[in-house]
Amino acid sequence: MAASEAITSATRSEARERAAEYLLKRHRFRLAETLPWLAAIAVYFIFPERMTFGSQVLVMAMFALSLDLILGYAGIVTLGHAAFFGVGAYTVGLAAARFGWSEPISGLFAAAIAAGIVGFITGWFLLRYRGLTLLMLTLATAILLQETGNLRSDISGGYDGLPGLMFKPLFGVFEYDLYGHTYYLYVLAVLVVVFFFVRTIVYSPFGQALTGIRENVRRMHAIGSPVHRRLVTVYTIAAAIAGIAGALFTQTNAYVTLTVFDFDNSAKVMVMLILGGTGRLYGAFVGAAVYMVLEDYFSKLSPTFWQFGIGLMLVLAVLFTPRGVLGVFENIGKYFSERKKS
Amino acid sequence: MPQFAIIAVSILFDGLAYAMFLFITSVGLSVTMGLMGFVNLAHGAFAMAGGYIVVTLTRTLGVGFVPSLVIAAVVVGAASVVFERGLYRRLYRSTDLEQVLLTIGLAFMAIATATYLYGPIPKSVPLPDWLQGDVNLGFRNFPSYRAFLIALGVVLIVVLWYAFERTNIGAKIRAAVDNRRMAESVGINVDRLFTLTFAVGSGLAALGGGLAIQLFGLSPSFAVLYLVLFLIVVAVGGLGSLKGTLLAALVLGVFDTAGKYLFSDAGGFFVYAVTVAVLLVKPAGFYGRE
Numbered sequence: 020m021a022a023s024e025a026i027t028s029a030t031r032s033e034a035r036e037r038a039a040e041y042l043l044k045r046h047r048f049r050l051a052e053t054l055p056w057l058a059a060i061a062v063y064f065i066f067p068e069r070m071t072f073g074s075q076v077l078v079m080a081m082f083a084l085s086l087d088l089i090l091g092y093a094g095i096v097t098l099g100h101a102a103f104f105g106v107g108a109y110t111v112g113l114a115a116a117r118f119g120w121s122e123p124i125s126g127l128f129a130a131a132i133a134a135g136i137v138g139f140i141t142g143w144f145l146l147r148y149r150g151l152t153l154l155m156l157t158l159a160t161a162i163l164l165q166e167t168g169n170l171r172s173d174i175s176g177g178y179d180g181l182p183g184l185m186f187k188p189l190f191g192v193f194e195y196d197l198y199g200h201t202y203y204l205y206v207l208a209v210l211v212v213v214f215f216f217v218r219t220i221v222y223s224p225f226g227q228a229l230t231g232i233r234e235n236v237r238r239m240h241a242i243g244s245p246v247h248r249r250l251v252t253v254y255t256i257a258a259a260i261a262g263i264a265g266a267l268f269t270q271t272n273a274y275v276t277l278t279v280f281d282f283d284n285s286a287k288v289m290v291m292l293i294l295g296g297t298g299r300l301y302g303a304f305v306g307a308a309v310y311m312v313l314e315d316y317f318s319k320l321s322p323t324f325w326q327f328g329i330g331l332m333l334v335l336a337v338l339f340t341p342r343g344v345l346g347v348f349e350n351i352g353k354y355f356s357e358r359k360k361s
Numbered sequence: 003m004p005q006f007a008i009i010a011v012s013i014l015f016d017g018l019a020y021a022m023f024l025f026i027t028s029v030g031l032s033v034t035m036g037l038m039g040f041v042n043l044a045h046g047a048f049a050m051a052g053g054y055i056v057v058t059l060t061r062t063l064g065v066g067f068v069p070s071l072v073i074a075a076v077v078v079g080a081a082s083v084v085f086e087r088g089l090y091r092r093l094y095r096s097t098d099l100e101q102v103l104l105t106i107g108l109a110f111m112a113i114a115t116a117t118y119l120y121g122p123i124p125k126s127v128p129l130p131d132w133l134q135g136d137v138n139l140g141f142r143n144f145p146s147y148r149a150f151l152i153a154l155g156v157v158l159i160v161v162l163w164y165a166f167e168r169t170n171i172g173a174k175i176r177a178a179v180d181n182r183r184m185a186e187s188v189g190i191n192v193d194r195l196f197t198l199t200f201a202v203g204s205g206l207a208a209l210g211g212g213l214a215i216q217l218f219g220l221s222p223s224f225a226v227l228y229l230v231l232f233l234i235v236v237a238v239g240g241l242g243s244l245k246g247t248l249l250a251a252l253v254l255g256v257f258d259t260a261g262k263y264l265f266s267d268a269g270g271f272f273v274y275a276v277t278v279a280v281l282l283v284k285p286a287g288f289y290g291r292e
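Heads up: the sequence lines are chains A and B, in that order. Just so you know, we're using the numbering used here here: the first sequence kicks off at 20 and counts up by one. Just so you know, we're using the numbering used here here: the second sequence kicks off at 3 and counts up by one.
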């Protein structure tokens with residue numbers, strides 16, 4: 020009796036050590052991870068006249084990153100992620116237009132809290148459901164928020180939105196300039212902070228539990244993991260991050276309309292993430308950059324052609340490269356490393 | 003007649019006509035989703051294709067409205083088999099996400115193609131004389147087109163009910179929705195059954211698309227705009243249930259119409275509020291299996 024107990028406790032502590040080692044190893048930085056950040060800084064020097072567009076790419080990357088947290092890691096398929104982006108966008112928009120609260124950084128915190136609260140409440144109710152029901156409920160949430168805004172267009176400005184918003188200089192020092200240089204660096208800095216927060220979550224035991232839920236919910240229930248609580252937690256975090264992205268969207272554009280709640284916005288961010296690759300953090304960056312640059316180029320040529328192109332890309336992506344652009348690179352890398360071995 | 007009764011009758015009549023459109027267009031989606039669990043976001047694109055075929059036939063080729071509806075349903079039904087055989091069947095065992103992405107990709111391509119061919123401006127359709135103006139139903143005049151829509155809807159409900167409940171194929175479909183593996187074990191060819199129901203469902207969607215032109219006008223965004231409503235009808239009714247789809251179409255059709263009549267500002271609020279309320283209480287819809 021005593022001997023077997025000793026063995027169990029020994030193996031248990033050994034297993035725990037192995038698990039910790041595994042997590043730490045995955046968490047360790049790889050050199051390749053500096054690439055997207057170097058690219059973002061390089062863009063600042065190479066395309067100084069396109070900084071407004073650059074800021075929008077970074078905002079969408081953050082939005083896609085928040086979706087990756089729930090879709091890529093926890094496996095929650097949602098068609099209404101724009102709801103949280105919209106709540107964040109309107110939090111800073113309304114604060115600036117109606118209450119004269121135009122300090123940008125505190126605005127971000129307010130947006131994160133507001134979107135997080137909406138995420139917590141809706142998540143608490145909706146994450147018991149799955150499949151088509153969940154798709155419909157998330158979609159309906161975004162539309163209900165949009166309709167609420169439309170209903171009180173005296174406050175929200177309706178579909179005309181809140182144009183011409185003014186925000187105070189950053190830290191009271193750095194003014195908004197015509198080419199958006201300040202805002203590009205500002206968005207980039209916020210993205211760095213958010214990214215490292217998300218990265219920490221993903222490689223934590225909590226992140227591992229989320230992956231477990233994605234891969235096999237029943238088994239997670241069986242080993243006693245509090246599935247619902249974990250899902251609501253990650254949903255709330257993702258909502259808060261989407262809210263920050265929305266707030267940055269309003270601040271960089273200096274306007275906001277109810278179209279931020281559109282189904283198109285939810286679909287667009289999902290397409291970006293899928294193009295980049297889900298469940299791999301940097302997929303959000305690659306997807307947002309590729310999508311936005313292609314859109315910028317092709318929709319100027321012909322918006323119809325562009326829409327057809329997105330559709331075709333989606334179909335081809337599902338049929339041939341289910342793991343996105345980064346998945347293709349990984350496959351190529353694997354091919355060469357295997358050839359080297361043989 | 004007192005004022006509120008007039009309004010109530012108008013709401014019921016318009017709501018009923020709207021419900022029939024919703025039922026005709028969504029019923030195929032419900033049965034195919036019930037059979038294969040396939041999330042088909044391109045269903046609205048099939049309806050839109052039907053609408054544009056009707057526009058081309060009536061406007062360019064001078065075919066009558068009713069024959070055009072039939073031709074559109076047959077053409078789209080037949081074309082949908084190509085998609086089912088070529089694309090959809092590869093993804094029956096895939097995740098929801100992959101099905102959503104593939105079919106929404108198809109919907110985008112359909113919208114772009116329609117914009118290229120027909121332009122973004124909404125199209126209308128010439129109606130025969132007997133569908134224009136009003137019809138007297140004894141105590142009041144009603145728009146003939148809506149009366150036609152309701153009559154057609156009732157006929158289709160009876161036909162579908164008979165096909166579903168009283169024929170051999172209907173029994174096989176119900177068996178396959180109930181328990182696919184068991185149905186296959188007793189020798190039902192579920193694959194072929196699915197192709198058949200998919201074709202019929204897409205054909206009905208095309209019919210619904212043709213009927214919708216007169217109600218809402220037809221523009222390329224139809225494929226996504228109304229798709230949400232079809233999906234809501236399916237989710238609220240319960241997958242694979244004829245009865246559920248009908249009930250959901252009626253409830254949502256009447257609620258939406260009432261909301262638009264009584265509180266014009268609130269617009270689409272009602273449909274979504276009702277949807278959320280129903281799904282929170284009954285996650286699998288009215289007649290879906292938990």
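No residue lacks a Cβ here, since even glycine has one placed at the ideal position from N, Cα and C.
Inset, instruction - Could you run through the region 81 to 100 of chain B and flag, in chain order, every residue whose CB is less than 9 angstroms away from some CB of chain A? - result: L89, R92, L93, S96, T97, D98, L99, E100
Legend entry - Contacts of A:T323 in chain B (Cβ-Cβ under 8 angstroms): Residue mapping note: residue 323 of chain A aligns to position 304 of the first sequence, counting from 1. Residues of chain B passing the Cβ test: A114, T117, Y118.
Inset, instruction - Would you verify that the beta carbon of A:G330 is, or is not, closer than 7 angstroms to some beta carbon of chain B? - result: On the first sequence, residue 330 of chain A is found 311 positions in, with the first residue counted as 1. Output row for A:G330: interface = yes.
Inset, instruction - Report all residues from its chain with a CB closer than 6 angstroms to the CB of B:A74; omit the five preceding and five following residues, and keep chain order. - result: The sequence position of residue 74 of chain B within the second sequence is 72, counting from 1. Around B:A74: G52, I55, V56, A208, G212.
Legend entry - Contact under 7 angstroms by Cβ, A:V76 with A:A266: Mapped onto the first sequence, residue 76 of chain A falls at position 57. Mapped onto the first sequence, residue 266 of chain A falls at position 247. No. Outside cutoff.
Inset, instruction - Let me know the beta strand (DSSP E) ranges lying completely inside the region 233 to 290 of chain A, each 3 residues or longer, listed in chain order. - result: none
Legend entry - Spatially closest choice to B:F196 from B:G242, B:F224, B:Y147, B:V65, by CA coordinates: Taking the first residue of the second sequence as 1, we reach residue 196 of chain B at position 194. Checking every option, the nearest Cα to that of B:F196 belongs to B:G242.
Inset, instruction - Using a threshold of 7 angstroms, state whether the C-beta atoms of B:A19 and B:R142 are closer than that. - result: Here residue 19 of chain B refers to the residue found at position 17 of the second sequence. Here residue 142 of chain B refers to the residue found at position 140 of the second sequence. Contact flag unset, no.
Legend entry - Member of A:Y109, A:T110, A:L184, A:I89 whose CA lies at the smallest distance from the CA of A:H364: Nothing can be reported for residue 364 of chain A, as the shown portion of chain A is limited to 20 through 361.
Inset, instruction - Output the distance between the C-alpha atoms of B:D136 and B:L129, rounded to the nearest integer angstrom. - result: Taking the first residue of the second sequence as position 1, residue 136 of chain B is located at position 134. Taking the first residue of the second sequence as position 1, residue 129 of chain B is located at position 127. Spanning the two alpha carbons is a distance of roughly 13 angstroms.
Inset, instruction - Tell me whether A:I351 is buried or exposed, calling it buried when 16 or more other Cβ atoms sit within 10 Å of its Cβ. - result: Indexing the first sequence from 1 puts residue 351 of chain A at position 332. Classification for A:I351: exposed.
Inset, instruction - From the DSSP output, in three-state form, read off A:L181 for me. - result: Walking along the first sequence from the start, residue 181 of chain A turns up at place 162. Residue state, collapsed to three classes: strand.
Legend entry - Helix, strand or coil at A:N350 according to DSSP, with G and I counted as helix: Position 331 of the first sequence, counted from the start, is the residue given in the question as residue 350 of chain A. DSSP places A:N350 in helix when its eight states are reduced to three.
Legend entry - Own chain, CB closer than 7 angstroms to B:L249, minus 5 neighbours either side, in chain order: Along the second sequence, read from residue 1 onward, the residue named residue 249 of chain B stands at position 247. Excluding positions up to five away in sequence, the list reads G239, F288.
Inset, instruction - Would you mind sorting A:I256 into buried or exposed? The rule is 16 or more other CB atoms within 10 Å of its CB. - result: Stepping through the first sequence from its first residue, residue 256 of chain A is reached at position 237. Using a 10 angstroms sphere on the CB of A:I256, the tally of other CB atoms reaches 16 or more, which defines it as buried.
Legend entry - Neighbour flag for B:F271 against chain A, beta carbons, 7 angstroms: For the purposes of this step, residue 271 of chain B is identified with residue 269 of the second sequence, where counting begins at 1. Output row for B:F271: interface = yes.
Inset, instruction - Pick out whichever of B:G290, B:A286, B:F23 has its Cα sitting closest to the Cα of B:L154. - result: Taking the second sequence and counting its residues from 1, one reaches residue 154 of chain B at position 152. The residue with the shortest Cα to Cα distance from B:L154 is B:F23.
Inset, instruction - Return the chain-ordered list of same chain residues with a C-beta closer than 6 angstroms to the C-beta of B:A44, the five sequence neighbours on each side being excluded. - result: To locate residue 44 of chain B, count along the second sequence from 1; it is residue 42. Here the set comprises T105, L108, A109.
Inset, instruction - Output the distance between the C-alpha atoms of A:A202 and B:A116, rounded to the nearest integer angstrom. - result: By one-based count along the first sequence, residue 202 of chain A stands at place 183. By one-based count along the second sequence, residue 116 of chain B stands at place 114. The residue you asked about is not Ala; residue 202 of chain A is Tyr in the sequence shown. About 39 angstroms.
Inset, instruction - Return the CA-CA distance between A:G330 and A:K287, expressed in angstroms with no decimal places. - result: Stepping through the first sequence from its first residue, residue 330 of chain A is reached at position 311. Stepping through the first sequence from its first residue, residue 287 of chain A is reached at position 268. Their backbone Cα atoms lie some 11 angstroms apart in a straight line.
Inset, instruction - Pull up the CB-CB distance for B:F166 and B:R182, whole angstroms please, since I reckon it's below 8 angstroms. - result: Sequence index remark: in the second sequence, residue 166 of chain B carries index 164 (1-based). Sequence index remark: in the second sequence, residue 182 of chain B carries index 180 (1-based). The pair is not a contact, with the Cβ atoms about 17 angstroms apart (cut-off 8 angstroms).
Inset, instruction - Please determine, among B:A80, B:G64, B:R92, B:G172, the residue with the shortest C-alpha to C-alpha distance to B:V127. - result: For this step, residue 127 of chain B is matched to residue 125 along the second sequence. Of B:A80, B:G64, B:R92, B:G172, the residue nearest in Cα terms is B:G64.
Legend entry - Cutoff 7 angstroms: A:I162 Cβ touching any chain B Cβ: If you number the first sequence from 1, residue 162 of chain A lands on position 143. Yes, because at least one Cβ of chain B sits closer than 7 angstroms to the Cβ of A:I162.
Legend entry - Extent of the continuous beta strand (DSSP E) run through A:F48: Here residue 48 of chain A is taken as the residue at index 29 of the first sequence, counted from 1. Segment: none, A:F48 is in no beta strand (DSSP E) and carries neither H nor E.
Legend entry - 7 angstroms Cβ cutoff, A:T157 in contact with chain B: If you number the first sequence from 1, residue 157 of chain A lands on position 138. With 7 angstroms as the cut-off, A:T157 does not count as an interface residue toward chain B.
Legend entry - Those residues which DSSP pairs with B:K125 across a bridge: If you number the second sequence from 1, residue 125 of chain B lands on position 123. Per DSSP, B:L220.
Legend entry - Local Cβ density within 10 Å of A:A29, reported as buried at 16 or more and exposed below that: Against the first sequence, residue 29 of chain A aligns to sequence position 10. It is exposed - the Cβ of A:A29 has fewer than 16 other Cβ atoms within 10 Å.
Legend entry - Rounded separation between B:D131 and B:R61 - CA only: Locating residue 131 of chain B in the second sequence gives position 129, counting from the first residue. Locating residue 61 of chain B in the second sequence gives position 59, counting from the first residue. Answer to the nearest angstrom: the Cα atoms are 16 angstroms apart.
Legend entry - Host beta strand (DSSP E) of A:P67 (start-end): As a first step, residue 67 of chain A is located in the first sequence; it is residue number 48 there, counting from the start. No beta strand (DSSP E) holds A:P67; DSSP gives it neither H nor E.
Inset, instruction - Mind listing the chain B neighbours of A:A286? Cutoff is C-beta to C-beta under 7 angstroms, in chain order. - result: On the first sequence, position 267 is the one that residue 286 of chain A refers to. Near A:A286 (Cβ distances below 7 angstroms), the residues of chain B are I106.
Legend entry - Beta bridge counterpart(s) of A:L57 as assigned by DSSP: Counted from its first residue, the first sequence places residue 57 of chain A at position 38. Note: A:L57 sits in no beta bridge, so no partner.
Legend entry - beta strand (DSSP E) runs wholly inside the region 109 to 183 of chain B, at least 3 long, in chain order: 136 to 138, 143 to 145
Inset, instruction - For A:S189, name the three-state secondary structure that DSSP assigns. - result: In the first sequence, the residue the question calls residue 189 of chain A occupies position 170. One point to set straight first is that residue 189 of chain A is Leu, not Ser, in the sequence displayed. In this structure, A:L189 counts as strand in the three-state DSSP scheme.
Legend entry - Chain-order list of residues whose beta-carbon lies under 6 angstroms from that of B:F6 (same chain, five-residue window excluded): If you number the second sequence from 1, residue 6 of chain B lands on position 4. No residues qualify anywhere along the chain.
Legend entry - A:F225 versus A:V206, A:R248, A:V212, A:N235, residue with shortest Cα-Cα distance: Translated into the one-based positions of the first sequence, residue 225 of chain A becomes position 206. For A:F225, the nearest C-alpha among the options comes from A:R248.
Inset, instruction - Taking A:G150 as the query, report the chain B residues whose CB atoms sit under 7 angstroms from its CB, ordered along the chain. - result: Taking the first residue of the first sequence as position 1, residue 150 of chain A is located at position 131. Those within 7 angstroms of A:G150 in chain B are D98.
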